[in-house]
Every structure is written in structure tokens, then in C-alpha cells.
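K.L.:
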Amino acid sequence: MKIFITGGTGFICRHLVRRLSAAGHRITVLTRAERGESPFSREVSLISGDPGRPGSWQKTAAENEVIINLAGLSIFRRWIGKAKRMIRDSRILTTRNLVDAIAGAQETRPVFFSTSAVGYYGFHGDEELREASPPGDGFLAMMAREWEEEALRARGMAARVVITRFGIVLGRDGGALKTMVPIFCTFIGGPLGDGRQWMSWIHVEDLVQGMLFLMDHPEIEGPVNFTAPHPVRNKDFSITLGRALHRPSFMPVPGFALRFLMGEFGSILLKGQRVMPGVLLDSGYQFRYPTIDLAFQDLLTAH
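Be aware that the sequence shown starts at 2, since it is given in the working numbering, and climbs by one per residue.
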């Protein structure tokens, strides 16, 4: 298949592109960077463009059978000044422009996989959340709801739309572990606040395999949670990570210090969601790394 992907050369994009290319698909990746050395094989095409702005790249996108939207500015920063607007616009405007590209498709409508996040649900303590759970309140939940509504416009153009709600993505070369492992290796790792908040996570390999699974199951539409079937509390995540690294994990970051350092985003880190991958499980997807122990065993062991 011909597949168009936004997200440049980001962590998730790199893993997904390599797997799709190895499977024989023809991949085009949209990147803001000027042309240079590609991190992909020669079979992968790179085009330069800003997905947040209309451009000639939209015509290229419309020529593909599948469009995968992975673009979005990281939320892991202090939300000061224009940060919130930039985070929101990087998602909403990109999605709007991709849907406009789908509207311009001359032949069959592409399948549209549009990223969202488990932040959609807001914060519900110990309650298990599934795809049918309602949206929450606050900046992240409101942004995710608007983000998804923008993507779902493509249904009116006869496109199949899948909303992939990502949890915390774990990988060797990016994601949360890239920040956390160095901290634990200096013997100052530990839970955030009281550590009781839930962490809904997914191994990047299951994320990629889950995307391929959805491509092979055209009957699946709408929201799909991309989280492992066994979310963990932040304290247990920290203990397991410390054990895997042979480092202590008893240095908690006090909640007041996190809020002082990170502002509003620091308060978000002290909360969490207990999200279950209902659609993937009900559809027969078999997780390779369903537990955090198995994930760390793979990700933190030399291959």
C-alpha cells in the first residue's frame, strides 16, 4: 500500500516507518526539516513541509491509500507563555489540513489513522476507562476532544477514521524512558508525589504491531486505546524500573517540588488514568509485552 505519515523523524514515526517499509509498503514521510541525510532506507520518500500549514504536500497526501497522523508538539514542558497554544495548534491545525487533503482525493478515500491521547478521559482515580468512557475536563481532555472531532470530519468524506489514543510509549531510543533511565542511573530515581497515580503505558513494539493489526482489520473504526492491558501505579513503575536497572527507587519527587518546577504540567504528572485497551483485546490482538516487567526485560536488556 501507499502510506503517508506525518511526524517527521520522531521516535514513534521511526519505528513505524521501518516496520511498514520492511513489509513492502511504499512510504512517504512529511518532515519540517530541510532535505538531508535520511534515517530511513532509500525506499522511504521524504518530503519537506509544515503540516500545520496548507501546502503542496496535501496533494501528495491525497494520493495515498493510508494516512497516519503522528504530528504534535511534545506536552512535556512548562506550560507558560504561548506553550499551550503551540501544543494545541500543532495537533488541531495539522489534523485539519490532513482532512482537507482527504477531501481533495480524486479516487478512493484514504484510511485515516489520527493520533490522540489517553488524556482525553481526564482524571478518574482508580476507575477503569475504555473507549466508550466520556471525555474529561481540563486542558488535555478538551484539546484531545477537539483534536478527535477534527479528525472525525473525514467520515463525512466516506473515509474510514481510526482514532489511536496513545498512553505513555516506552522504547529504547525515545519516549519516557529516554528521560527516566539517566535519572535512575544516578541513584536519584523514584515515584512522583505519593506514587498512587496510574500510568497507562505501551511498549513501542506493541504500538507498531497494533497499528499493523488495525490496517488488517477494516471493520475497526473510531477510538482505539493504545495501552498495555496491565496499567501500573507510578510507585510500582518506579520500583520495577529501579529493579531492572539495579538501582534504588526510593527518592520520591515531592508534589510541591514538581509543581514548582513544572507549573501546571507538574500537577498533571501527579494524576493519571487507568486505561484499558478494550477494542484491541476484543478484536483479538495479542500483546507481546502485556506487563511492565516484560517490557523492561526487553527494553533494558542488551540485545
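Just so it is clear, CB atoms sit at the ideal spot from N, CA and C, and this is done for glycine as well.
(1) Using 10 angstroms around the beta-carbon of Gln298, count the other beta-carbons present and answer buried if the total reaches 16, otherwise exposed.
(2) Skipping 5 residues on each side, what residues in its chain have a beta carbon closer than 7 Å to that of Glu151?
(3) Can you grab the Cα-Cα spacing for the pair Gly105 / Ala84, in whole Å?
(4) Cutting at 8 Å between CB atoms, please list the residues of its own chain near Arg146, excluding the five before and the five after it.
(5) So, with DSSP's three-state summary, where would you put Thr241?
(6) If Gly172 and Phe5 are in contact, beta carbons under 8 Å, what's the gap, nearest whole angstrom?
(7) Give me whichever residues DSSP pairs with Arg275 in a beta bridge.
(8) For Arg79, which residues from the same chain have a beta carbon less than 7 Å from its beta carbon, with the 5 sequence-adjacent residues on both sides left out?
(9) Mapping DSSP to helix, strand and coil, what is Leu300?
(10) Taking the alpha-carbon of Thr32 as reference, which of Thr165, Leu178, His26 and Asp51 has the nearest alpha-carbon?
(11) Assess, as a yes-or-no matter, whether the stretch 225-238 is touched by the stretch 266-277 under the definition of 3 or more beta carbon pairs within less than 8 Å.
(12) Measuring only the C-alpha atoms, how far is Arg244 from Phe188?
(13) Rounded to the nearest angstrom, what separates Arg43 and Thr10 at their Cα positions?
(14) In the DSSP assignment, find the alpha helix (DSSP H) that holds Phe261 and state where it starts and stops.
(15) When you compare the CB positions of Phe307 and Ser91, do they come within less than 8 Å of one another, or not?
(16) Compute the Euclidean distance between the alpha carbons of Asp127 and Trp199, then round it to the nearest angstrom.
(17) Thr29 to Val112, Cα distance in whole Å?
(18) Is it buried or exposed, Arg275, if we count other Cβ atoms within 10 angstroms and call 16 or more buried?
(19) Hey, how far is the Cα of Asp174 from the Cα of Leu213?
(20) I'd like the list of long-range same chain contacts for Glu132, defined as Cβ closer than 8 Å, with 5 residues on each side in sequence excluded.
(21) Taking the alpha-carbon positions, what's the Leu300 to Gln107 distance?
(22) Which residues mark the beginning and the end of the beta strand (DSSP E) in which Arg27 is found?
(23) Can you tell me the Cα-Cα spacing of Val254 and Arg260, whole angstroms?
(24) Indicate the three-state DSSP secondary structure (helix, strand or coil) for Arg78 in the structure shown.
P.N.:
Based on what the coordinates show:
(1) exposed
(2) Ile93, Thr96, Arg97 and Val100
(3) 32 Å
(4) Tyr121 and Pro136
(5) helix
(6) Going by Cβ atoms, the distance from Gly172 to Phe5 rounds to 23 Å, so no, they are not a contact pair.
(7) Glu129
(8) Met263, Gly264 and Phe266
(9) helix
(10) Asp51
(11) yes
(12) 12 Å
(13) 14 Å
(14) Gly256 to Met263
(15) With the chain covering 2 to 304 only, the question about residue 307 has no answer from this structure.
(16) 8 Å
(17) 15 Å
(18) buried
(19) 21 Å
(20) Arg166, Gly223, Pro224, Val225, Asn226, Gly279 and Val280
(21) 43 Å
(22) Arg27 to Thr32
(23) 10 Å
(24) coil
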